[in-house]
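The numbers in the sequence shown follow our numbering, run straight up by one, and end at 720. Accompanying notes for the structure given below.
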Amino acid sequence: MKADLRVALVGNPNTGKSTLFNTLTGLNQKIGNFPGVTVDKKTGYLNLSDGRTAEIIDLPGTYSLYPKSQDESIVFSVLADKANPHSPDLIVVILDASNLKRNLLLYTQVADLKIPVIVALNMMDLAKKSGINIDIDQFSKKLGVPVVPIAARKGEGIDKLKEAIAFANKIALQQDSIDVETIAPGLIKQISAELKLDNPYYALQLAHQHETVKFLSTAESDRIEELEKEFSFHSQKAQASETIARYNFINDLLYDTVKVPETAQDETTSNKIDKILTHKVFGFIVFFGVLLFMFQSIFAWSAYPMELIGDFFVWLQSTLHTLLPAGPLTGLIVDGVLGGLSGVMVFIPQIAILFAFISILEDTGYMSRVTFMMDKLMRKVGLNGKSVVPLIGGFACAVPSIMSTRTIENWKDRMITIMVTPLVTCSARLPIYTLLIALVVPNRNVWWVFNMQGLALTGMYVFSLISAVVVAFVFKLILKGRERGYFIMELPVYRMPRWKNVGYSMYDRSKSFVFQAGKVIIAVSVILWVLASYGPGDRFKTIEQKYSKPQYTQHLSPDSLTRAINSEKLENSYAGVLGHVIEPVIRPLGFDWKIGIALITSFAAREVFVGTMATIYSVEGSAEKMESVQYKMKTATNQQTGQPVFSLAVAFSLMMFYAFAMQCASTVAVVYRETKNWRWPAVQFAYMTVLAYAASFIAYNLLK
């Protein structure tokens, strides 16, 4: 889609920038990467009242144009580089109306770049509730830019903001907040003259950032370095002088335009709540309680819709087997594609509920408290508080979580976080865990409240966090780094979740899970069906001749005969041969050759395990009697012992294997992309595979 106007959203973290972005663009948005870096780029489109289309770019949240991380460096690069394809025609700076003093520092820096600006004064509802009175007209006059009061979460003032965007000035009219040239007069004039710049603040920023910005040539960067030495420029001292000057301007501005009641200085409700939720003892009890409630709910609330989806696929496969002529194509579609897909589609309700909880925890501000609480614990194992964001995010998916480690400034902390994040139980493991737990853990309550299956699932999630912390401690002893890590974070006020955002998150994440996993699962299911439906030499012909003899046809029912033929064919297929080859290696873990096939196929993506089991048991089963994958696995027995294949020991052995094994090609790829070295994903894959085998071996031998 071609846009007539490009608008950048800029603001501090926790100012409601992402909420405003979602409100303006709705579902008309996409996520990619900024060119040359792995930083997320969120863009969307907005139809303006004058018929034009505006492209909205949601830039990463930052407190200042002086970057502390790769995410923050993107803001200056996009705003300052006119050749950048995302360079905006207009900037909307989002300010938290209840915390203007801190927010205005970034505004004054952005305004001095002399790109047309509109101020969106967000959270006006909270400011009014606190008794903060802002003279909007005077505020706008002193800044020289349009100021639009909004409450993005409630949708208030959004139409006026759209109007302001449509009729924004094409020329920057904002007032100067400080006299930039007094900070480094000689240097600024010389840089401006040599690089032909007409903006003194742009020249000052290049003096600070010339080594990291990519739009300067090596010769230009080297020349700026020479000029800095010539004029004895000290970057940190210059930043300090600039910040003091800006806060003098901000203090005068707020004195003239904002009235704060004396009661606003009293302890806020959020602070009172934090005394409990961030308490060094009660805080962790509450957090564990929240996790327990989450996983109890995932089991309880998803049961009925999962049953409906499972029954639908059983009905669909039975119907297609009846309607379509018997043959390879029917087998491929019904047993291969649908058999594999049914094993994943059935878990959509659980995935949706998991993402709903994660979205609510983020929206309310509680996730920030968890990060804050964990900082002290994280430091003891060689991490810092910022490492908790990727670790908690790992509950959803390791790929974006590993990408989010870019906010960790310390190299050692960042590398350890990258190495241990895949250990946290992601949404791809959820179908495996819930399927295996449902097979071997009784569905009954203990102490009248807690469901045993929910407790088992909670245990797997807590176990994954403990594993990540222990492995992080080991890496702390192995990796060497001289930098000292630090943790700076602002805790947002508690708010009610915005249910529209929660619903969008459920829809978007579930859709991406199905489509991303679905592509892999269909491809693997088709390959697996072919491998399971054909065998080397004339083995299949020999099996058919064997079962055509009277001792089988006269003593077995047609259904039992079909099942016996299919079962023996599967064992002698290409997939069966492959499974038998690796069986000696996995037998000490309690796994048979069928599980071995699933272990191999799921190295592409963990969730393929369920699809593989569904395909294997569909191929093996009777076409006239279709059953759910859970029922097939529950009734599967070992031909030698007559015991169930999926006993308590085998199920927990499998869960331990999947808890540790690096079975996700996307994660391997993103670790390489973030570290720019194949050594790190290779080490990660090796140590996780060794841990998986050891943990699985111990679990099986303790429980069998």
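Where a beta carbon is used, it is the ideal one built from N, C-alpha and C, also for glycine. These figures come from a predicted structure and were not determined experimentally.
- For the 8 Å CB-CB criterion, residue 23 and residue 99 do not form a contact.
- Annotated as distal: residue 112 and residue 198, with beta-carbon spacing of 8 Å or more.
- Residue 597: member of the alpha helix (DSSP H) spanning 590-602, first to last residue.
- For residue 197, the secondary structure class from DSSP, reduced to helix, strand or coil, is helix.
- With contacts defined as CB atoms closer than 8 Å, residue 450 and residue 366 qualify as a contacting pair.
- Looking from the CA of residue 78, the closest CA among 93, 122, 42 and 39 belongs to 122.
- Residue pairing by DSSP puts residue 136 in a beta bridge opposite 110 and 164.
- A straight-line Cα-Cα distance of about 9 Å links residue 661 and residue 606.
- DSSP lists 25 and 58 as the beta-bridge partner residues of residue 74.
- DSSP, reduced to helix, strand and coil, places residue 150 within a strand of the structure shown.
- The Cβ atoms of residue 470 and residue 659 lie no closer than 8 Å to each other.
- When rounded, the separation of the alpha-carbon atoms in residue 343 and residue 306 is 51 Å.
- Pairing residue 250 with residue 518, the inter-Cα distance amounts to about 47 Å.
- Spanning the alpha carbons of residue 677 and residue 686 requires a straight line of approximately 16 Å.
- Setting aside the 5 residues that flank it on each side, residue 350 is surrounded in the same chain by 333, 336 and 337, each with a C-beta closer than 6 Å to its C-beta; the list follows chain order.
- In this structure, the straight-line span from the alpha carbon of residue 184 to that of residue 72 is close to 14 Å.
- In this structure, the CA atom of residue 435 is about 13 Å from the CA atom of residue 689.
- Look at residue 685 here: in three-state DSSP terms it is helix.
- Collapsing the DSSP output to three states places residue 621 in a strand.
- Inclusion of residue 165 and residue 152 in the CB contact set at 8 Å is warranted, their separation being smaller than that value.
- Taking residue 514 as the centre and dropping the five residues before and after it, the same chain places the C-beta of 35, 169 and 379 closer than 8 Å to its C-beta, in chain order.
- Its chain contains 586 and 609 as the residues whose beta carbon lies nearer than 7 Å to that of residue 592, once the 5 sequence neighbours on both sides are disregarded; these appear in chain order.
- Secondary structure at residue 309: helix, using DSSP grouped into helix, strand and coil.
- By the Cβ test, the stretch 376-390 is not in contact with the stretch 539-558, since fewer than three Cβ pairs between them sit closer than 8 Å.
- Contact annotation, residue 665 with residue 716: C-beta distance approximately 5 Å; criterion of less than 8 Å satisfied.
- Secondary structure note for residue 224: its alpha helix (DSSP H) is the uninterrupted segment 216-225.
- Taking a cut-off of 8 Å for Cβ pairs, the stretch 180-194 and the stretch 238-249 do not touch, as fewer than three such pairs fall below it.
- In chain order, 394, 424, 429 and 433 place their CB closer than 7 Å to the CB of residue 403, counting only its own chain and leaving out the 5 sequence neighbours on each side.
- Per DSSP, residue 68 is not a residue of any alpha helix (DSSP H), being assigned neither H nor E.
- Taking C-beta atoms as the reference points, residue 442 and residue 479 fail to come closer than 8 Å.
- Contact check for residue 389 and residue 362: beta-carbon distance about 36 Å, past the 8 Å limit, so the pair fails to qualify.
- Sequence-distant partners of residue 445 (beyond 5 residues in either direction) whose C-beta falls short of 6 Å from its own C-beta, in its chain, are 622 and 674.
- Exclusion of the five residues before and after residue 487 leaves 436 and 439 as the residues of its chain whose Cβ lies within less than 7 Å of its Cβ.
- According to the DSSP assignment, residue 701 belongs to the alpha helix (DSSP H) that extends over 695-719.
- Boundaries of the alpha helix (DSSP H) harbouring residue 561: 555-563, taken from the DSSP string.
- According to the DSSP assignment, residue 353 belongs to no alpha helix (DSSP H), since it is labelled neither H nor E.
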